[in-house]
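A quick write-up on the structure given underneath.
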Amino acid sequence: MKKLSITIGISALLLAFIPLGCLAEETQQDVPYDANASQAVFQDVLREEECQAGMAFLGYIGEENVSAQDILDHAEQTDYWYYYPFLQNAAVVDAGGCEIYVIVPASEWSVCVYPSEMTEEAKYRDDLEAPYYEGSPDEVILLRCNISEIYSNVMVSVREGNMSVTYRPAVSLKDGHLAKEQRCYDFTIYSDECDDDGCDDTSEYDEEAAAIQNACALLFQTDEVSYYLNFVGMSVWYDGTKEMIDGKECLVFVLGTEHEECIVRENYYAVSDNQVYYYDAIGDAWNILGAG
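In terms of this note's numbering, the sequence shown is residues 1 to 292.
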C-alpha cells in the first residue's frame, strides 16, 4: 500500500533524530526527537506528494465544557503525539463540535480557519470576515469542529502568497475515513480493519450514508426547520439513534443552538423515508410535523 510505505518511511526518517543511547530508555510519554526537525521531514513528504497540507482525524471529544487544554490533552493521549512531536507546538482552534483534527501546512504555507454553515439550498456559506484563526507560515493547527456528521462547520484555507487551497475537515460516512480532499495528505492512523482500499465490508456504511443524506434533505425542506436554520441560526445534526414510528424506522435528528461553552438541544425530529415527525415533550409522543 502506498500510504503504508510512506508512513513507515516517515517514521524511519524521524527516528534518525533519536540519540542511540536513548533508545533503550525511551517511553511513549517522552518526545523522542526535535519537534522542528520532525516537522521539516513531514513537510518534505508533503512536497513529494504535491500536497499543500497534511491532515489527520484524531477522534471524538465531548461536546460540552471543552477547554483548549482538554483538546491538547486529547491529542497527547494519542499515538500522534509520539510519532509527530511537532504537535506539541500546535495552535488550538476551537470552532465547537466533537471532532478533532490536526492540520499541517506545507513549508512556508499557512492555515486559516473560517466559520461555515449549510444553506437551505444545501450549499456552504463561509464567513470570510470573521476568521476563527489566521495562522503563521508553517504553524500547525489542532482543530475542534463539526457539530453535525452531515456537513462541516468550518472552511480551512491553506495559503502561500496569492495561492490557496480550501478544505472542509470531515469523516466519511462511507468508511469512517477522513473525507478525501485534493492536495491534502491524509496521515490518519487507521485501525487494522481498514486500509487505503477501504474496510472489509463497506456496504453498511453506504446504506447508512444514503439514509442520512436522504433524511437530511427531507428535513431541510420543511418550513419549520428551514426557518430555524436560516433565520434563527440554529444547527441540525443526526444523533445516531433510531425510532420506530407508525411501523417505520426513523432517524432521529437534533435541532440546537451552539453557545461558547455548550450546545443547547431545542427540538427533536424523526425522519422516515417519506415523513418527518417532531417530538412532543409534554405529551411524550412523536407527531407528524405540519399536521394539525
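In this text, a Cβ means the ideal position worked out from N, Cα and C, and glycines have one as well. Being a predicted model, the structure only gives us computed values, none of them experimental.
### Query
Which residues in the same chain as A56 place their Cβ atom closer than 6 Å to its Cβ, once the five residues preceding and following it in sequence are excluded?
V102, F187 and T188
### Task
Could you pull out every residue in the same chain whose Cβ sits closer than 6 Å to the Cβ of V158, ignoring the five residues on either side in sequence?
Q52, A53, P105, W109, V111 and V165
### Contacting residues, own chain, Cβ-Cβ under 6 Å from G290 (five flanking each side not counted)
none
#### Entry: Buried or exposed (CB count within 10 angstroms, at least 16 for buried), F231
exposed
#### Entry: E224, enclosing beta strand (DSSP E) - first and last residue
It is not in any beta strand (DSSP E) - E224 instead sits in the alpha helix (DSSP H) that spans D223 to Y227.
### Task
With a cut-off of 8 Å on the beta carbons, I'd call Y277 and I245 a contact; round off their distance for me.
6 Å
### Task
Identify whether R144 lies in helix, strand or coil by the three-state DSSP scheme.
strand
### Query
What did DSSP end up calling Y238 once you bin it into helix, strand or coil?
strand
#### Entry: For M118, the nearest candidate out of V225, K242 and W286 (CA to CA)
V225
### Message
Just to confirm before moving on: does the CB-CB distance between I147 and A91 stay below 8 Å?
### Response
no
### Query
Would you say V271 and L255 are within 8 Å of each other, going by their C-beta atoms?
no
### Query
Would you report the Cα separation of Y269 and P137, rounded to the nearest angstrom?
44 Å
#### Entry: Expected contact under 8 Å - CB spacing of L143 and V113 to nearest Å
6 Å
### Coarse secondary structure for K112, derived from DSSP in three states
Residue identity differs from the one stated: residue 112 is Cys in this sequence, not Lys. Looking at C112 - three-state DSSP - the assignment turns out to be strand.
### Query
Mapping DSSP to helix, strand and coil, what is C184?
strand
### Task
Let me know the secondary structure DSSP gives L289 once reduced to three states.
coil
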